[in-house]
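This report concerns only the one structure given below.
Chains as they are written, first to last, in my numbering: chain A, 1 to 391; chain B, 392 to 630.
Here is the structure:
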């Protein structure tokens with residue numbers, strides 16, 4: 001307790017030097033929490049959007065389907081197993097049929113993924129109902145805002161699409177954009193045309209077939225489905241988490257730089273203290289303070305920087321983080337152009353664990369860098385310290 | 392150790408390594424300091440005054456010989472035991488005051504009592520008493536930077552005397568003070584010496600200090616050249 005009081009008194013007595021260090025440390029503190037919160041928010045939002053627009057309650061894949069290999073699509077179609085079809089009939093799942101094709105908006109050729117989806121589905125949050133309401137002669141097509149921007153297509157635009165049917169025969173027809181959906185998931189937007197499932201089945205001559213079947217959220221994922229593969233929600237999220245993990249490694253470098261800034265400030269300050277306060281250290285020893293307590297005093301002074309930084313960070317960073325967590329920060333660009341799931345407003349998610357963890361990490365690092373120069377004090381002879389010489 | 396002795400020094404040698412060899416700061420020093428003495432180590436610069444004070448204070452270790460302070464032989468003692476000796480039994484007064492700059496006068500004087508672990512009430516009583524002895528009761532909340540040199544040294548004296556140690560070691564206590572302040576400081580120290588029976592040992596070459604000493608040990612080139620006992624110090628003759 002005595003050391004704590006002395007350390008605090010020394011710290012506050014040092015005035016500007018202390019507050020500069022505390023300010024730098026608090027800046028690092030808040031920035032690390034701020035950035036971590038953004039990544040957390042980004043991750044949670046991405047998971048939520050992926051679940052709502054794509055994954056729902058998991059999926060059943062055709063045995064030949066590999067989303068990373070488009071060449072498998074020629075073979076990746078078939079009639080889903082009976083139990084899966086029963087789920088579809090009960091509204092607990094919906095089949096999706098995929099094929100590769102090309103589109104020719106205003107004479108340009110673009111490769112696309114053509115996806116058939118039941119217009120009346122309510123399993124994923126895509127506005128597919130509009131596909132069922134179309135009464136024109138062309139093939140109704142639903143596209144995302146990103147795709148609209150890339151292909152320069154608006155609602156009502158008619159263009160040619162070409163595909164290859166089950167026999168390998170190329171065919172083509174006119175398609176019309178019936179709606180443009182604003183969806184943050186590029187996985188259901190970029191390079192994709194959404195058609196009514198039955199229309200696509202007719203085009204491909206694949207009646208009753210699907211490439212995969214999406215289960216409704218909360219529906220039981222069946223196990224006995226022949227050679228089709230059940231893919232739980234965790235499978236899809238893990239893929240996404242891997243991507244986020246890869247991206248967050250860049251953030252870790254930033255955290256390391258911020259922590260190094262804070263640590264360097266404290267280390268510099270403590271090293272300076274040794275040289276500027278060596279007579280004081282000698283006096284403490286002459287008055288009967290043992291070396292270990294002198295080390296503890298200086299280490300406590302350093303460690304206390306992080307406590308003061310946490311308090312200061314709370315004063316100026318608390319409202320800032322609260323604002324970001326509740327109001328968010330609007331994205332300056334259309335999120336659909338980024339190619340990753342991104343909310344129009346970035347909302348930070350700041351958990352107690354994250355704040356506590358960051359606090360603990362900064363406190364430990366700052367205390368450690370305080371201990372190193374403090375240990376040097378322990379080696380100082382009292383007579384040398386009193387005369388102002390260091391060994 | 393003789394009951395009347397507060398310090399016993401036998402055949403003390405202190406060498407400092409210099410280059411490949413060594414410099415002898417003290418050689419064959421043998422002497423005793425008696426309880427209540429007001430002793431000065433006098434000699435030119437480099438004669439070994441401060442070295443001898445540091446060894447008596449447990450701040451430095453002898454190369455040869457034995458030193459016993461307050462019944463504790465210092466040979467072979469670790470830094471914790473020496474720190475305990477200083478904390479409990481010795482007060483220090485430095486030439487440059489060595490006050491802790493961020494502490495107030497009260498806190499500076501209180502510091503040795505905090506190290507002992509004394510209760511707050513008792514601490515306050517002793518600090519008030521020490522500040523009264525040195526005449527600084529009106530400066531308790533001041534910081535060292537707000538005080539004159541003489542006042543700083545009075546705070547340092549209060550800090551040294553507050554725990555009522557048996558021995559006070561003072562290294563050139565008046566070197567940074569003018570004549571008036573020097574006499575003032577010495578009068579305070581003489582008063583404390585007489586009132587508390589505290590033994591004082593000074594390193595000095597200040598003539599003004601010498602006028603107050605009851606014993607003067609002359610050091611030359613690390614040896615005791617003369618040990619002079621004074622029955623009636625100069626300051627008494629002037630009264």
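The C-beta atom is built at its ideal place from N, Cα and C for all residues, glycine as well.
Please read these numbers as outputs of a predicted model, since none were measured by experiment.
Give the straight-line distance between the Cα atoms of residue i and residue j, rounded to the nearest whole angstrom.
i                      : j                      : result
residue 308 of chain A : residue 603 of chain B : 51 Å
residue 460 of chain B : residue 607 of chain B : 19 Å
residue 567 of chain B : residue 34 of chain A  : 55 Å
residue 260 of chain A : residue 429 of chain B : 56 Å
residue 223 of chain A : residue 230 of chain A : 7 Å
residue 88 of chain A  : residue 233 of chain A : 18 Å
residue 455 of chain B : residue 465 of chain B : 12 Å
residue 519 of chain B : residue 542 of chain B : 16 Å
residue 291 of chain A : residue 377 of chain A : 8 Å
residue 537 of chain B : residue 499 of chain B : 14 Å
residue 79 of chain A  : residue 179 of chain A : 29 Å
residue 395 of chain B : residue 280 of chain A : 34 Å
residue 479 of chain B : residue 555 of chain B : 9 Å
residue 594 of chain B : residue 469 of chain B : 25 Å
residue 295 of chain A : residue 577 of chain B : 36 Å
residue 284 of chain A : residue 473 of chain B : 13 Å
residue 167 of chain A : residue 203 of chain A : 11 Å
residue 183 of chain A : residue 126 of chain A : 8 Å
residue 601 of chain B : residue 2 of chain A   : 40 Å
residue 387 of chain A : residue 320 of chain A : 49 Å
residue 24 of chain A  : residue 257 of chain A : 12 Å
Got a sec: is the Cβ-Cβ distance from residue i to anything in chain B below 8 Å?
i                      : result
residue 291 of chain A : yes
residue 21 of chain A  : no
residue 283 of chain A : yes
residue 288 of chain A : yes
residue 404 of chain A : Shown here, chain A extends from 1 to 391; a query on residue 404 of chain A therefore has no answer.
residue 391 of chain A : Low local confidence applies: a pLDDT of 46 at residue 391 of chain A is under 50, so the model's placement there is unreliable, and no value is given.
residue 344 of chain A : no
residue 299 of chain A : no
residue 2 of chain A   : yes
For a test of the three-state rule: what should DSSP assign to residue i, helix, strand or coil?
i                      : result
residue 268 of chain A : helix
residue 307 of chain A : helix
residue 368 of chain A : helix
residue 544 of chain B : helix
residue 231 of chain A : strand
residue 596 of chain B : coil
residue 605 of chain B : coil
residue 106 of chain A : helix
residue 50 of chain A  : helix
residue 616 of chain B : strand
residue 570 of chain B : helix
residue 414 of chain A : A question about residue 414 of chain A goes unanswered here, because the residues of chain A that appear run from 1 up to 391.
residue 179 of chain A : strand
residue 65 of chain A  : coil
residue 123 of chain A : coil
residue 261 of chain A : helix
residue 101 of chain A : strand
residue 192 of chain A : strand
residue 471 of chain B : helix
residue 395 of chain A : Given a span of 1 to 391 for chain A in the structure shown, any question on residue 395 of chain A remains unanswerable.
Could you tell me whether any Cβ in chain A is nearer than 8 Å to the Cβ of residue i?
i                      : result
residue 475 of chain B : yes
residue 445 of chain B : yes
residue 483 of chain B : yes
residue 512 of chain B : no
residue 606 of chain B : no
residue 522 of chain B : no
residue 530 of chain B : no
residue 478 of chain B : yes
*Contact between the region 410-417 of chain B and the region 483-491 of chain B: three or more CB pairs below 8 Å?*
For the pair of segments examined, the region 410-417 of chain B was found not to touch the region 483-491 of chain B: the number of CB pairs separated by less than 8 Å stays below three.
*Quick check: the region 140-154 of chain A against the region 189-201 of chain A, are there 3 or more CB pairs under 8 Å?*
Three or more beta-carbon pairs drawn from the region 140-154 of chain A and the region 189-201 of chain A are found closer than 8 Å, and the two stretches are therefore classed as touching.
*Are at least three pairs of beta-carbons, each pair with one atom in the region 149-165 of chain A and one in the region 93-105 of chain A, less than 8 Å apart?*
Yes: the two stretches touch, three or more of their Cβ pairs being nearer than 8 Å.
*chain A contacts made by the region 485-509 of chain B, where a contact means CB separation under 9 Å*: Those residues of the region 485-509 of chain B that come within reach of chain A (Cβ to Cβ, closer than 9 Å) are 485, 487, 489, 490, 491, 492, 493, 494, 498, 502, 503, 505, 506, 507, 508.
*Can you find at least 3 beta carbon pairs, one from the region 342-352 of chain A and one from the region 60-71 of chain A, that sit closer than 8 Å?*
These segments do not touch.
*Okay, do the region 163-179 of chain A and the region 37-53 of chain A touch, 3+ Cβ pairs below 8 Å being the bar?*
Note that the region 163-179 of chain A does not touch the region 37-53 of chain A; fewer than 3 beta-carbon pairs, one per stretch, sit closer than 8 Å.
*Anything in the region 257-279 of chain A with a Cβ closer than 7 Å to a Cβ of chain B? List those residues in chain order, please.*
Correct list: 279.
_Cβ-based contacts, 9 Å cut-off: residues of the region 439-470 of chain B near chain A_ = So the close ones are 441, 442, 445, 448, 449, 450, 451, 470.
*Mind listing which residues of the region 11-42 of chain A have their C-beta closer than 8 Å to chain B's C-betas, in chain order?*
Contacts with chain B (Cβ-Cβ distance below 8 Å) from the region 11-42 of chain A involve 12, 13, 14, listed in chain order.
*Please confirm if the region 202-218 of chain A is in contact with the region 66-85 of chain A, defined as three or more CB-CB distances below 8 Å between the two stretches.*
The count of Cβ pairs closer than 8 Å, one atom from the region 202-218 of chain A and one from the region 66-85 of chain A, reaches three, so the stretches are in contact.
*Report yes or no: do the region 421-435 of chain B and the region 605-621 of chain B share at least 3 C-beta pairs separated by less than 8 Å?*
Three or more Cβ pairs closer than 8 Å define a contact, and the region 421-435 of chain B meets that threshold against the region 605-621 of chain B.
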